[in-house]
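To start, the structure itself, in structure tokens.
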Amino acid sequence: MSQRSTKLLRLAFWLNISFAVFELIGGYISGSLAILSDALHDFGDSLSLGLAWYFQHLSQRRSDDKFSFGYARFSTLGALVNSLILILGSAFLLYLSISTFCEREAPLTGWMMIIAVIGVVINTVAFKTLHSGDSLNEKTAALHLLEDVVGWIAVLIGAIVMYFTGWAWIDSLLSVAIAVWIGTTAVRQLLKSTGVFMQSVPPGIDLDEVCRALEADPRVREVHNVRIWSLDGSDHVVSMHVVLDSDMRISEVEAVRRELKSQLQERGLMEVTLQFEAPRV
């Protein structure tokens, strides 16, 4: 990744982690579970940005004798750890919010509104910073920050309602909603990361359809031992055995190889390994 991309991720990380610490302190002072829940969310986003920043640098390393496939899957490991932390944290906040739903005193709504306004501003700046980048890594991180902006707008509206009504349960309700949102997102990410580690066929790729498309070539009799998996959730790999219809010259086999590789790459399979076989007698 370019130096500019690394700098953008670094800037977004420091903005997010600094504000998450501020949220934690502000949530404790104001007594707002909603703000503490958002603090957990922002710490999770900070961890994601930090990992993206680190792995952005690490991913520039080439494959070596130790990691022959390269270092791309380290980013998936980071996502897996991050998901587990967020699931545990959201479960704790959900328990705390529900157990105190009808017993809590109203939080300091003035503090809540101040923190919420700052939250909208900080996350909007971070979102615009990353959204100007070109990489998928930056765009994905920017989407998380846009979700944060929406979350803080909800907290601001809730604080205004509590200021005029004194309904303390709104804070608990917001905390429950944020915890469920964090947990649901984290579970989806956990399942996606687990699928990568288990080397499942990536979503959106039909293994049978790939085989049928290749076997439609009159020079191909059969494909078998087909293996399709993902390195990191975005870069996909395929290896297979291809039985040719008849004996061919090396130049003809090379032409078939180029055409089949092109077909596979059009389906998002960028790393292609083909082993050609002669038909059985």
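Per our numbering, the very first residue in the sequence shown carries number 5; after that it's consecutive. Even for Gly, the Cβ is constructed at its ideal location relative to N, Cα and C.
In terms of alpha-carbon separation, which member of the options lies closest to residue i?
i	options	result
Val-154	Thr-189, Gly-123, Ser-234	Gly-123
Val-247	Lys-132, Val-227, Val-260, Leu-264	Val-227
Ala-217	Phe-280, Val-85, Leu-268, Ile-91	Leu-268
Ile-209	Asp-221, Ile-232, Gly-187, Met-202	Ile-232
Gly-54	Trp-18, Val-260, Tyr-75, Val-184	Trp-18
Val-159	Val-205, Ser-36, Gly-237	Ser-36
Glu-27	Leu-211, Ser-50, Leu-15, Ala-83	Ser-50
Thr-198	Val-85, Val-25, Ala-24, Leu-44	Val-85
Arg-262	Leu-278, Asp-249, Arg-271, Gly-272	Leu-278
Ile-89	Arg-253, Arg-77, Leu-44, Val-184	Leu-44
Thr-169	Ala-110, Thr-188, Met-244, Leu-92	Ala-110
Glu-151	Ser-22, Ile-126, Trp-171	Ile-126
Since residue i sits in a beta bridge, which residues does DSSP pair it with?
i	result
Glu-275	Val-241
For the beta strand (DSSP E) containing residue i, name the first residue and the last one.
i	result
Ser-234	224-234
With C-beta atoms as the reference, is residue i less than 7 Å away from residue j?
i	j	result
Val-191	Ser-234	no
Asp-46	Asn-20	yes
Ile-186	Ser-94	yes
Ser-34	Trp-156	no
Ala-83	Gln-203	no
Arg-105	Ser-176	What sits at residue 105 in the sequence shown is Phe, not Arg. In this structure, Ser-176 lies closer than 7 Å to Phe-105 by Cβ.
Ile-174	Ile-119	no
Ala-130	Leu-149	yes
Leu-273	Val-242	yes
Thr-4	Asp-239	Outside the shown range of the chain (5 to 285) lies residue 4, about which nothing can therefore be said.
Thr-189	Ala-16	no
Asp-305	Arg-225	The chain is shown only over 5 to 285; residue 305 falls outside these bounds and no answer can be derived.
Quick one: grab the DSSP three-state call for residue i.
i	result
Val-247	strand
Phe-280	strand
Gln-267	helix
Leu-19	helix
Leu-112	coil
Lys-11	helix
Val-205	coil
Lys-132	helix
Leu-62	helix
Arg-261	helix
Gly-170	coil
Met-252	coil
The alpha helix (DSSP H) spanning residue i covers which residue range?
i	result
Phe-96	77-103
Leu-179	According to the sequence displayed, residue 179 carries Ser and not Leu. It spans 173-201 - the alpha helix (DSSP H) in which Ser-179 sits, taken as one unbroken run.
Arg-216	211-219
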